[in-house]
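From first to last, the protein sequence lines stand for chains A and B.
For the first sequence, the positions run 1 to 144 when our numbering is used.
For the second sequence, the positions run 1001 to 1144 when our numbering is used.
2 protein chains.
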Amino acid sequence: MGAIKIGELAARTGTSAPTIRYYEQIGLLRRPERQERGQRVYAGDDVERLTFIRRCREFDFSIDQVRALTALVQDPRSSCTDARDLAATHLSAVRAKMRELKALERSLVQFVKTCDTACAGGPGPDCVVLGDLGKSCGCGVGVR
Amino acid sequence: MGAIKIGELAARTGTSAPTIRYYEQIGLLRRPERQERGQRVYAGDDVERLTFIRRCREFDFSIDQVRALTALVQDPRSSCTDARDLAATHLSAVRAKMRELKALERSLVQFVKTCDTACAGGPGPDCVVLGDLGKSCGCGVGVR
DNA sequence: GTAGACCTTCAAGTAACTTGAGGGTCAAGG
DNA sequence: CCTTGACCCTCAAGTTACTTGAAGGTCTAC
């Protein structure tokens, strides 16, 4: 596994070449060596590092959080609990987002249901639901 | 309810003045009349329209979807079922997002749990979890 | 000799706002 | 009379995490 070019690194890590260049630009990925022709050449641990980054991104960690996590991994003085705490914080954010979406789902279900029963395909301006949306709100829709 | 200025419109609709100016700029809100001094003056139906828009945004409709919905409301030829269909489409997107978050939540819980049992506060470079994240993946974390 | 598959750079576009700079108007308080 | 604070205005740039586009170089295969 000698000279990995950007296309192969992208394929191996489920990224795209522009994204890799972008990560390099913002300092998330180190600047790799270059061939005579200027092409980037990567090594095995670049695959590892980028895999780590992508996995964190799949976990919806922000770039800044990923930066913190990679720093954690590389810093010998840091403890695993630091990473755990970061993950725990992130977990509660994810759960909050889910609660929001759950409420949103209920509202939308109600919206669709009201459309079906109250309006039954009537014309736009007479639609109860759409009209109510702009007012103080009947119809159970728009509850935060 | 005669002359509503931008600050009051913002307060009444849970928006900010810059956001209102932004909506005007992108053509989501009509250009209001102006006082001699150039200040925007709004009327009652602007409150209604902006309330409608904000409520849609709370429902996570994109600006483009809101545009479509407001067009629907104003077009006499449109039917309520069009709005219903838009909402239904949106609903399934919301549900897909929730499934993703659910999977994400499970992974994070696993991550935190592994941190607690396997590493127990050991130093960063020796951390099993963080190390594994960059590899093919043990520890149940990183499962898509 | 040219078509296709790679690679390079830099700049601008995306969503939905927010923030900042720089300035004007008006009423109340000292 | 002057300043302070609360409003309002415009225009430009910043935010997040990339993606897309323009314009070009290199190499292999047919």
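Just so it is clear, CB atoms sit at the ideal spot from N, CA and C, and this is done for glycine as well.
- At a cut-off of 7 Å between beta-carbon atoms, residue 1111(B) makes contact with chain A.
- Annotation: the continuous alpha helix (DSSP H) that includes residue 1058(B) extends over 1044-1058.
- Residue 1026(B) sits exposed, since fewer than 16 C-beta atoms from the chains shown fall within 10 Å of its C-beta.
- In the structure shown, residue 1026(B) adopts coil according to DSSP, grouped into three states.
- Beta-bridge analysis with DSSP links residue 106(A) to no other residue.
- Note on residue 13(A): 16 or more other CB atoms within 10 angstroms of its CB, so buried under the neighbour-count rule.
- In this structure, the CA atom of residue 1082(B) is about 30 Å from the CA atom of residue 1102(B).
- Counting C-beta pairs with one atom in each stretch, the segment 64-75 of chain A and the segment 1083-1093 of chain B have fewer than three that are closer than 8 Å, which means they do not touch.
- Assignment of residue 1036(B) by DSSP, reduced to helix, strand and coil, places it in the coil class.
- Counting the other CB atoms within 10 Å of its CB gives residue 1087(B) a total of 16 or more, which places it among the buried residues.
- Assignment of beta-bridge partners to residue 1004(B) by DSSP yields 1042(B).
- Take residue 1057(B), set aside five residues on each side of it, and the residues of its chain with a beta-carbon closer than 7 Å to its own are 1066, in chain order.
- Residue 1046(B) counts as buried, since no fewer than 16 other beta carbons sit within 10 angstroms of its beta carbon.
- Taking 7 Å as the CB threshold, residue 1094(B) lines the interface with chain A.
- The beta carbon of residue 117(A) sits closer than 8 Å to none of the beta carbons in its chain outside the five residues before and after it.
- Judged by DSSP secondary structure, residue 31(A) falls outside any alpha helix (DSSP H); it is assigned neither H nor E.
- The C-beta distance from residue 4(A) to residue 23(A) rounds to 15 Å, too long to fall under 8 Å, and the pair is not in contact.
- Going by DSSP, residue 71(A) is part of the alpha helix (DSSP H) stretching over 63-74.
- Going by beta carbons, residue 109(A) and residue 1084(B) fall outside the 7 Å limit.
- Within the same chain, and ignoring the five residues on either side of residue 1010(B) in sequence, the residues whose Cβ sits closer than 8 Å to its Cβ are 1016, 1017, 1019, 1020.
- For residue 51(A), same chain residues with a beta-carbon under 6 Å away, outside a window of 5 residues either side, are 13 in chain order.
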